[in-house]
Structure formats: structure tokens, C-alpha cells
Amino acid sequence: MLHLFKNHLSSMMVSIRFMNMEGIYMQIRLKNLKRSYGSLHAVNGISLSIPSNLIYGIIGKSGAGKSTLVRLISLLEKPDDGEVYFDELRVDNLAKEELIRRRRRVGMIFQNFNLFSSRNAAQNVAYPLEIIGTPKGEIKARVAELLELVGLGDRGKAPISTLSGGQKQRVAIARALACNPDILFCDEATSALDPQTTHSILALLKEIQRKMGLTIVMITHQMEVVRDVCDRVAVLDDGRVVEEGPVTDIFAKPKSDVTKEFLSHLVGTDAGSEEQMVQWSSKRGAYILRFRGVTTDQPILSQITRETGIDFNIRAGGVQKVGGEVEIGTLIVDIQGSEEEQESVVARLRELGVHVEKEERP
Ligand SMILES: Nc1ncnc2c1ncn2[C@@H]1O[C@H](COP(=O)(O)OP(=O)(O)OP(=O)(O)O)[C@@H](O)[C@H]1O
Ligand SMILES: [Mg+2]
């Protein structure tokens with residue numbers, strides 16, 4: 007089995023990420039942000055630093071406070087307490103006109119697209135340019151360029167009602183980019199789309215991020231979105247950040263229960279993708295082992311069995327490509343033997359760089 011696992015790993019392509027290291031991009035810093043609605047603490051003391059020129063994920067369950075946080079960072083709403091900085095400039099307390107100017111540096115897209123149904127695709131993209139008084143000729147050229155960028159070069163005249171969900175989101179992306187924002191917020195931008203369309207929209211966002219050196223903040227409840235496009239991620243629960251870091255770390259060594267739960271939904275539910283978990287047994291194993299990078303290349307389990315005489319019973323296993331690059335292997339196993347023997351095996355696994363989680367059983 008391990009052999010199969012290894013073959014699977016080595017057959018996967020590893021792509022090299024292109025990073026634009028030039029230019030100056032906006033970085034966002036949040037200091038102890040708070041926002042309550044009555045007695046409900048929707049955002050309850052969040053401090054975060056979102057580096058520029060990457061895709062930053064914010065994941066959390068429904069009601070965790072994601073959208074509230076985004077309204078605070080994008081200056082649509084004022085925090086009750088705390089501070090928001092764009093680069094070195096504090097922006098949460100700006101006077102109205104300066105606030106409006108700053109807000110233009112922020113683009114947003116949503117799950118339900120929020121397009122004007124009375125306008126066609128091109129007119130939707132033109133709207134923010136009209137608002138800031140861009141000359142007509144310039145608008146025309148810019149709209150054509152933006153529609154081209156999102157793959158809708160020939161659909162400018164299409165009424166919104168004739169476009170598919172994926173096409174509507176492309177129009178929304180073009181509109182959000184019209185005024186050349188520094189940051190693009192995507193609040194559940196792919197939640198209403200089927201898996202294939204989700205994939206194509208995520209690929210487009212990734213391409214745009216690289217091309218324009220944009221900072222994209224991706225708000226989602228889907229770990230697949232984090233896995234496939236995000237560089238870093240913050241996990242939100244109950245208005246607080248419970249875990250934050252590079253996506254590969256979060257997948258290889260999840261710390262919080264919320265993160266582990268998100269990852270467990272990914273296991274075995276990813277039918278159709280090449281990262282699908284292979285499940286040998288309907289019973290879940292008692293331990294989840296996560297391998298990363300070099301450890302995925304070594305026959306660690308058979309080595310430990312040889313050393314200790316203790317066997318593993320593998321119930322499920324698979325490989326996920328995180329950020330399109332790094333491979334994280336997951337095995338769900340039982341460890342044979344007494345509790346003490348199991349503990350010694352777990353200690354040995356950890357020594358060898360494997361992340362081990364014990365499944366809590368009632
Ligand atoms: N304007 C408001 N008035 C009252 N309560 C609100 C308001 N906005 C958000 N809340 C409450 O704050 C909490 C966080 O809401 P928020 O919309 O930020 O969650 P979310 O993480 O975006 O959830 P979802 O995944 O469902 O979009 C929820 O309990 C919500 O009911
Ligand atoms: Mg929300």
C-alpha cells in the first residue's frame with residue numbers, strides 16, 4: 007500500500023510558482039478589531055497582518071464573523087474598537103472624503119455577483135469608471151481590456167440574464183478591477199458555482215493576482231478553495247482567529263479543532279479530483295497521519311514496523327496538492343498493540359516528521 011502511495015506521489019507534477027518581487031503593494035494590518043451587534047460579538051478582537059502580493063484566505067464556519075471582518079477591512083463599516091492600517095496609514099478613522107478615496111483602492115466580489123440586471127456586461131464593468139468621471143473614450147477602451155482579461159471579450163453586449171453563473175462572476179471580477187484596486191476581496195465568490203466553474207474562476211483569480219501583483223483576500227467556508235489558491239490563511243471561529251499561517255503548514259500540521267474539522271471534510275469528499283482519498287474500510291482509523299515534503303518519499307510505516315514489530319492497519323489514504331505545489335499525504339490508520347505500544351509508535355512517527363492526530367472517539 008505504501009508503495010502505491012509513493013507512486014501516486016511521484017507521478018504528480020510539481021509546478022514552480024512565478025512571483026512578482028518588484029513594485030510596492032499595499033499591506034493590511036489589523037489591530038484588535040472589534041464589532042458587536044447588540045450582545046453578539048461578531049468580530050471579537052482580531053489582529054492580523056495580511057502581506058501584499060499574495061492570496062490570503064479567511065476561512066470559518068457560517069456565523070464565524072468573516073463577512074463582518076471584511077466589511078471592517080474594506081472600510082464599509084467602522085469597528086467599535088481597534089485599528090485598520092493600509093501600509094503605515096491608519097484608515098479606519100479617516101474623514102469622509104479621504105475614506106471614499108481609500109475605498110476605491112479596494113475591489114469586492116460576492117457570492118451572488120451583485121450585478122445590475124438593467125445593464126449589459128460592458129455597462130456593468132463601466133459603472134465604477136462612470137462614477138469617478140472617467141472620459142467616455144477611455145471607459146470604452148478600459149472595459150474592452152477588462153472583458154478580455156476575464157475571458158469575455160466577445161460578450162460585452164450580453165444582457166446579464168443571458169450569462170451563466172461563472173460568466174456573471176467574470177463580469178463582477180472585471181467590474182471590481184476597473185479602478186485598479188490594490189486589494190480584491192472575494193466573499194464566498196465561488197460558493198454558488200459548480201466545482202468545474204469554481205475551478206475556472208479560481209484559476210482566473212490566481213492568474214490575475216500574478217499578472218497585476220494584486221493582494222486578494224479570499225473569504226470562504228470551503229477548504230478546497232484555501233488548498234487550491236491561497237498562500238496563507240487565517241481560520242476564524244466565533245469572532246476570533248484560532249489559527250494563522252502558510253497554507254502548507256495548516257494542511258500538514260493543523261492545530262485548532264476547527265481547522266482539523268475543516269480538513270476532515272476534505273478527506274474522502276473530493277470525488278472526481280486526482281487528490282481523492284482511497285478508502286479501504288468503512289471504519290475510520292484511530293489516527294490521522296499527515297506527511298509533507300520529504301517524509302512522503304520515505305517508507306516510514308514499514309520502517310517503524312520493522313523496528314518495533316507493531317503493525318499498522320491502513321483504512322484510507324491519499325495525497326493533496328496544496329497551492330498547486332506542495333504535496334501533503336494523509337493516512338488514516340489503526341495502530342495495533344497496547345496503549346503503551348501505540349504511544350511509542352506515535353512518538354517515533356513524530357520523531358520522523360509525521361504529524362499525528364488521534365481521533366477522539368466517544
Ligand atoms: N448587521 C448585522 N446585524 C446583526 N447581526 C449581524 C449583522 N451582521 C452580522 N451579524 C451577526 O454576526 C455574526 C457573524 O456574521 P457574519 O456575516 O460576519 O458571519 P460569516 O462568517 O460571514 O457567516 P457566513 O459564512 O454565513 O456568511 C452572525 O451571528 C450574524 O448573525
Ligand atoms: Mg459571510
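Heads up: the sequence shown is residues 7 to 368, going by our numbering. Glycine included, each C-beta is placed from N, C-alpha and C at the ideal position.
DSSP places residue 130 in no beta strand (DSSP E) but in the uninterrupted alpha helix (DSSP H) bounded by 127-137. The DSSP-derived three-state label of residue 168 is helix.
A distance below 8 Å separates the beta carbons of residue 230 and residue 272.
Using a Cβ-Cβ distance cut-off of 8 Å, the stretch 137-147 and the stretch 166-183 are not in contact, since fewer than three pairs of beta carbons, one from each stretch, lie closer than that value. Ligand 1 has no heavy atom closer than 7 Å to the beta-carbon of residue 55. When rounded, the separation of the alpha-carbon atoms in residue 57 and residue 207 is 23 Å. A distance below 8 Å separates the beta carbons of residue 162 and residue 126. With 16 or more other Cβ atoms inside 10 Å of its own Cβ, residue 249 counts as buried. In this structure, residue 67 has its beta carbon at no less than 7 Å from each heavy atom of ligand 2. Check the Cα spacing between residue 124 and each of 365, 133 and 154: the tightest is with 133. The beta carbons of residue 215 and residue 316 sit about 47 Å from each other, so the pair does not count as a contact at 8 Å. In the structure shown, residue 329 adopts coil according to DSSP, grouped into three states.
With a 10 Å radius around the Cβ and a threshold of 16 neighbouring Cβ atoms, residue 143 comes out exposed.
DSSP places residue 143 within a helical segment (H, G or I) once states are collapsed to three. A Cβ-Cβ separation of about 4 Å places residue 361 in contact with residue 296 under the 8 Å criterion. Of 193, 45 and 183, the smallest CA-CA separation from residue 65 is found for 193. Counting only the Cα atoms, residue 310 lies some 11 Å from residue 357.
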